[in-house]
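Structure first, then comments.
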Amino acid sequence: MSSVLYDVPGPKARRISLIGSIVGSLLILGLLAWIIMTFAQQGIFEGRRWQIFTRADVWTLLGNGLGATLSAAALAAVIAFPLGLLLCLLRISDAAFIRIPTRVVLEFLRGMPVVLMMLFVLLGFGTSPFIAVVTGLVLYNSAVFAEIIRAGIQSLPKGQREAGLAIGLTSFKSRMLIELPQAIRRMMPSLVAQMVVLLKDTSLGYIVAYGELLRAVQVMADFLGTQFLFPIFFVAAAIYIAINILVSRIAVWIERRGSKKAAGGVAKAEPEAAEAAVP
Amino acid sequence: MDVILENLPLYWNGFLRTLFLSAVSGVIALVLGTLLAAARVSPVAALRGFSTVYVEVLRNTPLTIAFFFAAIVLPRLGVKFEQFEVAAIIALSTYTAAFIAEAVRSGVNSVPVGQAEAARSIGMNFGQVLNLIILPQALRTVVPPLINILIALVKNSSVAGAFFVLELFGYGRQLANANGDAVIPVLLGVAFFYLLLTVPLGILASTVERKVAIAR
Numbered sequence: 001m002s003s004v005l006y007d008v009p010g011p012k013a014r015r016i017s018l019i020g021s022i023v024g025s026l027l028i029l030g031l032l033a034w035i036i037m038t039f040a041q042q043g044i045f046e047g048r049r050w051q052i053f054t055r056a057d058v059w060t061l062l063g064n065g066l067g068a069t070l071s072a073a074a075l076a077a078v079i080a081f082p083l084g085l086l087l088c089l090l091r092i093s094d095a096a097f098i099r100i101p102t103r104v105v106l107e108f109l110r111g112m113p114v115v116l117m118m119l120f121v122l123l124g125f126g127t128s129p130f131i132a133v134v135t136g137l138v139l140y141n142s143a144v145f146a147e148i149i150r151a152g153i154q155s156l157p158k159g160q161r162e163a164g165l166a167i168g169l170t171s172f173k174s175r176m177l178i179e180l181p182q183a184i185r186r187m188m189p190s191l192v193a194q195m196v197v198l199l200k201d202t203s204l205g206y207i208v209a210y211g212e213l214l215r216a217v218q219v220m221a222d223f224l225g226t227q228f229l230f231p232i233f234f235v236a237a238a239i240y241i242a243i244n245i246l247v248s249r250i251a252v253w254i255e256r257r258g259s260k261k262a263a264g265g266v267a268k269a270e271p272e273a274a275e276a277a278v279p
Numbered sequence: 001m002d003v004i005l006e007n008l009p010l011y012w013n014g015f016l017r018t019l020f021l022s023a024v025s026g027v028i029a030l031v032l033g034t035l036l037a038a039a040r041v042s043p044v045a046a047l048r049g050f051s052t053v054y055v056e057v058l059r060n061t062p063l064t065i066a067f068f069f070a071a072i073v074l075p076r077l078g079v080k081f082e083q084f085e086v087a088a089i090i091a092l093s094t095y096t097a098a099f100i101a102e103a104v105r106s107g108v109n110s111v112p113v114g115q116a117e118a119a120r121s122i123g124m125n126f127g128q129v130l131n132l133i134i135l136p137q138a139l140r141t142v143v144p145p146l147i148n149i150l151i152a153l154v155k156n157s158s159v160a161g162a163f164f165v166l167e168l169f170g171y172g173r174q175l176a177n178a179n180g181d182a183v184i185p186v187l188l189g190v191a192f193f194y195l196l197l198t199v200p201l202g203i204l205a206s207t208v209e210r211k212v213a214i215a216r
């Protein structure tokens with residue numbers, strides 16, 4: 001790999017870099033070894049701690065937790081996307097009495113911690129944890145989706161809307177038929193990146209006592225004994241991270257595919273957009 | 001409304017604690033994130049590899065998992081904290097650093113190639129190119145996304161409230177449980193204090209964005 005930041009390394013620089021790499025690797029390996037030693041002293045690697053994974057009910061509980069996580073995320077995504085579309089249309093409406101209140105609502109929703117919204121729905125309206133989790137996720141993510149789609153529409157060349165209006169489409173039809181399809185396609189990487197955020201935020205359900213994956217870990221640790229906490233936590237965290245990395249990869253793949261297609265005609269979408277996803 | 005006024009000192013305490021958590025984690029995350037970004041573009045392969053893996057894993061870890069690890073799993077493994085604030089700061093700053101590293105890296109990539117070429121052609125080494133030429137220019141593209149990450153950090157600090165730290169969300173939860181008949185005003189009060197932090201930061205971000213927006 002060559003980089004513009006430094007010269008293609010010569011023999012001396014290669015040797016220094018190799019030594020650096022070896023020292024760096026040794027340091028990281030040393031750190032890992034230290035962590036593993038500490039864990040071993042705590043008895044983490046004793047076989048009996050991991051034997052619980054031979055039990056079917058442990059996997060059933062983990063599976064149930066995962067199912068709860070995925071179903072909340074899927075339902076929230078399915079509701080949040082159309083709602084975000086609607087909010088976006090209201091936000092860019094020509095009428096100020098629609099545009100300005102929508103803007104205030106969007107700012108409010110985006111400035112709020114998701115977990116606070118979940119707690120608000122749970123305690124304020126006395127709903128079930130599932131509904132609280134889904135509502136919290138929908139409120140926050142529809143606001144974010146609205147902003148992403150709006151950014152997409154604003155990045156279109158002005159002529160698109162002008163041409164739509166010129167051939168006699170109404171303002172609404174021009175939005176729906178001309179601008180939105182292009183904007184959504186252009187913003188696809190950001191939208192998928194936001195889906196990852198949504199999936200990650202499902203884990204906040206742990207705080208409002210929704211029986212998702214992390215809650216399942218806690219329940220099992222309480223039930224089976226705390227010595228099993230680490231093994232179960234380790235497996236659950238690995239499942240979570242693996243799913244998120246998978247969805248992130250899909251976002252990257254869509255971005256690559258999109259930029260190849262867009263290279264021909266339309267101006268290229270902002271390459272930074274996908275990276276702009278906020279924690 | 002009375003509930004909020006009566007408990008204003010609690011809200012204020014929580015607000016200050018949230019501010020403290022966000023500020024300390026923010027500073028640690030900025031330093032750690034910039035170091036990770038520098039490692040990501042460095043000539044040493046081991047550093048590049050470490051930084052890539054760190055960012056990829058932490059960015060895809062739910063924050064609650066990070067908190068659960070720092071506050072519940074770590075003490076079981078023999079790492080004892082005097083206060084749970086330490087666990088919260090560890091979780092928040094290691095998590096946020098991954099996002100900051102990505103933002104700084106894309107800022108580095110946004111500086112035109114000619115800048116680095118010119119710097120190298122006058123004989124600068126990697127450290128000089130990065131410190132004197134690239135990072136100062138990257139900074140202006142990076143500031144608005146960084147502010148957005150800090151806004152997210154303020155909001156994320158609310159998760160600490162569920163892991164034994166009494167900050168704004170933690171007090172809010174306590175008050176909501178104590179005043180079962182006035183849950184909605186209590187939580188709207190909490191929301192108000194969060195907006196007090198996030199809205200000005202958001203306005204700052206868009207102002208800076210407009211000010212430093214340059215045609216490239």
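Protein sequence lines, in the order shown, are assigned to chains A and B. Residue numbers for the first sequence follow full-length UniProt numbering, so the first one is 1 and each next one is one higher. Residue numbers for the second sequence follow full-length UniProt numbering, so the first one is 1 and each next one is one higher. Each residue gets a CB set at the ideal place from its N, CA and C atoms; glycine is no exception.
Contact under 8 Å by Cβ, S132(A) with V114(A): It should be pointed out that residue 132(A) corresponds to Ala in this sequence rather than to Ser. Against a cut-off of 8 Å, the Cβ pair of V114(A) and A132(A) comes out as no contact.
Within-8 Å CB hit, V104(A) to chain B: Judged by the 8 Å Cβ criterion, V104(A) is not in contact with chain B.
Within the segment 196-225 of chain A, ranges of the alpha helix (DSSP H) (whole runs, at least 4 residues): You should have 213-224.
Buried versus exposed call for T102(A) [16 or more other C-beta atoms within 10 Å across all chains shown]: Flag for T102(A) reads buried.
Proximity of F50(B) and A38(B) at Cβ, strictly below 8 Å: By the CB criterion at 8 Å, F50(B) and A38(B) fall outside the cutoff.
Beta-carbon proximity of Y140(A) to L109(A), cut-off 8 Å: Cβ atoms of Y140(A) and L109(A): closer than 8 Å.
4 or more residues per run - each alpha helix (DSSP H) lying fully within the segment 83-124 of chain A: Counting only runs of 4 or more, we get 96-110, 114-124.
Contacts around L150(B), its chain only, beta-carbon distance under 6 Å, and the 5 residues preceding and following it disregarded: Around L150(B): G26.
Contact list for the segment 142-155 of chain B against chain A, Cβ threshold 8 Å: So the close ones are P145, N148, I149, I151, A152, L153, K155.
Positions along the segment 226-246 of chain A whose CB lies within less than 7 Å of some CB in chain B: Listed by position along the chain: T226, L229, F230, F233, A237, Y240, I241, N244, I245.
Limits of the unbroken alpha helix (DSSP H) element including M185(B): First, the residue type needs correcting, since residue 185(B) is Pro and not Met in the sequence shown. For P185(B), the enclosing alpha helix (DSSP H) starts and ends at 183-212.
Whole-number beta carbon distance between I65(B) and L214(A), since they are thought to touch under 8 Å: Here L214(A) really is in contact with I65(B); their C-beta atoms are around 7 Å apart, less than 8 Å.
Residues of the segment 42-54 of chain A with Cβ closer than 8 Å to any Cβ of chain B, in chain order: Per Cβ criterion, the list reads Q42, I44.
Proximity below 8 Å, CB of L187(B) to CB of A178(B): Not closer than 8 Å, so no.
Three-state secondary structure assigned by DSSP to P112(B): DSSP places P112(B) in coil when its eight states are reduced to three.
8 Å Cβ cutoff, L10(B) in contact with chain A: Closer than 8 Å: no.
Beta-carbon proximity of M220(A) to F228(A), cut-off 8 Å: Yes, they are a contact pair.
Outcome for S121(B) when other beta-carbon atoms lying within 10 angstroms are tallied against a minimum of 16: By the neighbour-count criterion, in which 16 or more other beta carbons inside 10 Å mark a residue as buried, S121(B) falls on the exposed side.
Interface flag, S21(A) vs chain B, CB-CB below 8 Å: So yes, S21(A) belongs to the interface.
Any chain A beta carbon closer than 8 Å to S25(B): So no, S25(B) is outside the interface.
Proximity test, Cβ basis, 8 Å: Y210(A) and chain B: Not an interface residue.
Span separating the alpha-carbon of V199(B) from that of I100(A): Roughly 16 Å separates the two Cα atoms.
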